[in-house]
Amino acid sequence: MDWLGPEEWSAVALSLRVSLWATLAALPVGLFVAYILARCDFPGRQVLNGLVHLPLILPPVVTGYLLLLTFGVRGPVGSVLHEFGITLAFRWTGAALAAAIMGFPLMVRAIRLSIEAVDPKLEQAAATLGASRFWVFVTVTLPLILPGILVGSILGFAKAMGEFGATITFVSNIPGQTQTLPSAIYAFLQVPGGENAALRLVAISVAVALAALVLSEVLARKMARRIGTS
Numbered sequence: 001m002d003w004l005g006p007e008e009w010s011a012v013a014l015s016l017r018v019s020l021w022a023t024l025a026a027l028p029v030g031l032f033v034a035y036i037l038a039r040c041d042f043p044g045r046q047v048l049n050g051l052v053h054l055p056l057i058l059p060p061v062v063t064g065y066l067l068l069l070t071f072g073v074r075g076p077v078g079s080v081l082h083e084f085g086i087t088l089a090f091r092w093t094g095a096a097l098a099a100a101i102m103g104f105p106l107m108v109r110a111i112r113l114s115i116e117a118v119d120p121k122l123e124q125a126a127a128t129l130g131a132s133r134f135w136v137f138v139t140v141t142l143p144l145i146l147p148g149i150l151v152g153s154i155l156g157f158a159k160a161m162g163e164f165g166a167t168i169t170f171v172s173n174i175p176g177q178t179q180t181l182p183s184a185i186y187a188f189l190q191v192p193g194g195e196n197a198a199l200r201l202v203a204i205s206v207a208v209a210l211a212a213l214v215l216s217e218v219l220a221r222k223m224a225r226r227i228g229t230s
């Protein structure tokens with residue numbers, strides 16, 4: 001990427017780092033939440049479903065501000081973490097947290113749809129043979145929903161790459177530290193002569209988004225064929 005300047009490359013590299021960690025951190029929680037929403041009936045289920053999708057409805061700046069209030073050094077959670085030497089606000093780790101939360105609804109929805117598409121009779125048949133609920137999930141459900149998990153991960157990663165509002169509110173826009181790809185585009189557009197650099201980063205953003213959409217569509221079709229023939 002010789003056609004990218006040092007500041008541009010730094011923003012791309014940081015975005016990849018933030019998006020990867022955001023996806024890895026959100027995936028186990030997303031899988032658990034998607035499963036209980038798809039297979040469990042309990043009081044407050046709709047409330048949980050609403051909370052999961054809340055980041056899609058709220059303005060991203062509001063989400064970022066709530067993160068700052070909660071995980072800032074004076075926040076109820078951030079102050080406790082700060083005692084252990086962990087600071088999220090105005091750090092790249094905070095950017096990963098914001099990106100994970102913003103991409104979480106897309107991840108959960110993709111995984112939940114894949115779980116709901118699995119015939120419960122397959123799980124029941126395994127349970128009648130004496131398998132525990134966990135073992136049924138590992139040996140029956142998980143292999144069938146693997147494409148859905150990959151779709152959710154790809155969508156979550158792509159959303160993390162494009163996250164701007166919550167990130168800039170929570171961790172600001174510090175070059176080399178918290179300046180992700182969207183933040184760098186915004187910064188370049190604020191200075192004279194920065195249009196070319198912004199355009200190059202826009203091209204990368206579009207390429208990543210298109211690749212994610214195409215790959216998720218291919219995996220979704222694969223998931224449909226697998227479940228349809230199971």
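Every letter in the sequence shown is one number past the one before it in full-length UniProt numbering, and letter 175, counting from 1, is 175. The beta-carbon is built from N, C-alpha and C at its ideal position, and this holds for glycine as well. This one's a predicted model, so the numbers in the text were calculated from it and none came from an experiment.
Check	Outcome
Assigned secondary structure, L129 (DSSP; H/G/I helix, E/B strand, else coil)	coil
As assigned by DSSP and simplified to three states, the class of P192	coil
Burial state of M1 (16 or more Cβ within 10 Å)	Its pLDDT being 48, under 50, M1 is placed unreliably in this model, and the value from its coordinates should be taken loosely. Classification of M1: exposed, given that the 10 Å Cβ count is below 16.
Contacting residues, own chain, Cβ-Cβ under 8 angstroms from S205 (five flanking each side not counted)	M161, G162, L181, P182 and I185
Three-way DSSP call (helix, strand, coil) for W3 in this model	coil
Nearest neighbour of L16, chosen from V208, G64, K222 and L56 [CA to CA]	V208
Nearest-angstrom Cα separation, counted from A22 out to L97	6 angstroms
Cβ shell of H53 (< 6 angstroms), same chain only, five flanking positions each side left out	P105
Proximity of A34 and I111 at Cβ, strictly below 9 angstroms	yes
Anticipated Cβ contact below 8 angstroms, P4 with V12, distance rounded	Inspection of the sequence shows that residue 4 is occupied by Leu rather than by Pro. With 8 angstroms as the limit, L4 and V12 qualify as a contact, their Cβ atoms being about 7 angstroms apart.
Sequence-distant residues of its chain with Cβ nearer than 7 angstroms to P120 (five each side left out)	none
Of the listed residues G165, G194 and L27, nearest to A95 (C-alpha basis)	G165
Three CB pairs or more closer than 8 angstroms across the stretch 61-81 and the stretch 168-176	yes
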